[in-house]
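Participant:
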Amino acid sequence: MSTKERLSITKDWLPRYTGMEIDKFGDYILLTNFSDYVMRFSEMFDVEIKGLSRPMQAATNSDGLSIVNFGIGSPNAAIIMDLLTARNPKGVLFLGKCGGLKASSEIGNLILPIAAIRGEGTSNDYYPPEIPALPSFKLHKFVSEKVLEKDLEYRTGVIYTTNRRVWEHDENFKNRLKETTAIAIDMETATIFIVGHYNQIARGALLLVSDKPVTPDGIKTGQSDKKVTEEWVQIHLDIGISAMTEIGKSGEKIKHFRY
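Read in order, the letters of the sequence shown correspond to residues -17 to 241 in our numbering.
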């Protein structure tokens, strides 16, 4: 398939999946896999949520910042990062939740991943396994400044990305996680980094630790997730909005280089 044919498909599919026309997407995009984030964004800026009957929902504010709920899992992460080539955004930030794997990664902590381990498999369709999944440094540098401006701390480390959703009782898998020395586990970050690299989109991730799945009684439940939402989701979203709104005005210009 030629580049022209691929672009023609994404231009057709991005509005079809999100219910929002391409020219309504801003230069900077927030990605999430929780409808609550999009609803909060909509209420904050009094903007309409598009795609309520579609696989993905999206909204854009008057500053030209868009947010998209793409769903859960690495296949969906790859889909949205491919579809966004129709818009060719200047930067994409994933606001995701993750499971903390270290004593130093407590519930409510923010993590700026320096890399992600490609345990999900989806990214292998884009690059060989030995290619590292990395964020765009300048984007992460700017996001880190916004976290500090809120008088908050953040952790850095490597994220393990998996396609498995129910693994918490698999001792062999948990032992493997320990060997990786990853700080946290999720289902999307490595895919977003790799597919962003493939599509030459500047990308990053600011993750919120929502559970500690390898500790006794640390597995996420509906009740525990509700508490995380009440206490930390708004500040998570606020930092993402601040970073991706201001980076276009005062941040360093982000250039994409193939390595």
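We put the CB at the ideal spot given by N, CA and C, even for glycine.
1) Distance check for L189 and Y19, CA to CA, integer angstroms please.
2) Do S86 and A172 count as a contact pair if the criterion is CB distance below 8 angstroms?
3) With a Cβ-Cβ cutoff of 8 angstroms, do K32 and M63 count as a contact?
4) Leaving out five residues before and five after Y241 in sequence, what residues of the same chain have Cβ atoms less than 7 angstroms from its Cβ?
5) Given this structure, state the Cα-to-Cα distance separating R(-12) from P(-3), to the nearest angstrom.
6) Leaving aside the five residues before and after E228 along the sequence, list all residues of the same chain whose C-beta is less than 8 angstroms from its C-beta, in chain order.
7) In whole angstroms, give me the CA-to-CA distance for Y121 and P71.
8) Mind checking which residues open and close the alpha helix (DSSP H) that includes R146?
9) Going along the chain, which residues of its own chain have a beta-carbon closer than 7 angstroms to the beta-carbon of A98, five neighbours each way excluded?
10) Starting from the Cα of E131, find the closest Cα among E213, R185 and D220 and give me that residue.
11) Among Y108, E25 and I93, which one has its Cα closest to the Cα of R100?
12) For N181, count neighbouring Cβ atoms within 10 angstroms of its own Cβ and tell me buried if that reaches 16, exposed if not.
13) Take the Cβ of K79 as the centre, count every other Cβ of all protein chains shown within 10 Å, and call the residue buried at 16 or more, exposed below.
14) Got a sec, what are the start and stop residues for the alpha helix (DSSP H) L77 sits in?
15) State the start and end residues of the unbroken alpha helix (DSSP H) segment that holds L154.
Facilitator: Per the coordinate set shown:
1) For the purposes of this step, residue 19 is taken as residue 37 along the sequence shown, with counting starting at 1. For the purposes of this step, residue 189 is taken as residue 207 along the sequence shown, with counting starting at 1. Using only the alpha carbons, I get a separation of about 13 angstroms.
2) For the purposes of this step, residue 172 is identified with residue 190 of the sequence shown, where counting begins at 1. For the purposes of this step, residue 86 is identified with residue 104 of the sequence shown, where counting begins at 1. Contact flag unset, no.
3) Along the sequence shown, one-based indexing puts residue 32 at 50. Along the sequence shown, one-based indexing puts residue 63 at 81. No.
4) Here residue 241 corresponds to residue number 259 of the sequence shown, with the count starting at 1. Residue placement at Y241 is poorly supported in this model, since its pLDDT is 44, which falls under 50; the coordinates still yield a value, given next. In its own chain, leaving out the 5 sequence neighbours on each side, no residue places its CB closer than 7 angstroms to the CB of Y241.
5) On the sequence shown, position 6 is the one that residue -12 refers to. On the sequence shown, position 15 is the one that residue -3 refers to. Approximately 15 angstroms between the Cα atoms of the pair.
6) Working through the sequence shown from its first residue, we reach residue 228 at position 246. Contacts found: F124 and K128.
7) Walking along the sequence shown from the start, residue 121 turns up at place 139. Walking along the sequence shown from the start, residue 71 turns up at place 89. In the sequence as presented, Tyr is not what sits at residue 121; that position holds Leu. Rounded to the nearest angstrom, the two C-alpha atoms are 13 angstroms apart.
8) Working through the sequence shown from its first residue, we reach residue 146 at position 164. Counted as a single uninterrupted DSSP element, the stretch harbouring R146 is not any alpha helix (DSSP H), since DSSP gives it neither H nor E.
9) Along the sequence shown, one-based indexing puts residue 98 at 116. The answer, listed in chain order, is A115, V140, I141, T143, T171, A172 and F175.
10) Taking the first residue of the sequence shown as position 1, residue 131 is located at position 149. Selected option, being the one with the closest Cα: D220.
11) The sequence position of residue 100 within the sequence shown is 118, counting from 1. It is Y108 whose Cα lies nearest to the Cα of R100.
12) Position 199 of the sequence shown, counted from the start, is the residue given in the question as residue 181. N181 should be labelled buried.
13) Your numbering for residue 79 matches position 97 in the sequence shown. Answer is buried; the Cβ neighbour count reaches 16.
14) The count along the sequence shown starts at 1 and reaches residue 77 at position 95. Note, L77: premise wrong, no alpha helix (DSSP H); beta strand (DSSP E) at G73 to G82.
15) Position 172 of the sequence shown, counted from the start, is the residue given in the question as residue 154. Reading off the sequence shown, one finds Asn at residue 154, where the question assumed Leu. Start and end: E153 to T162.
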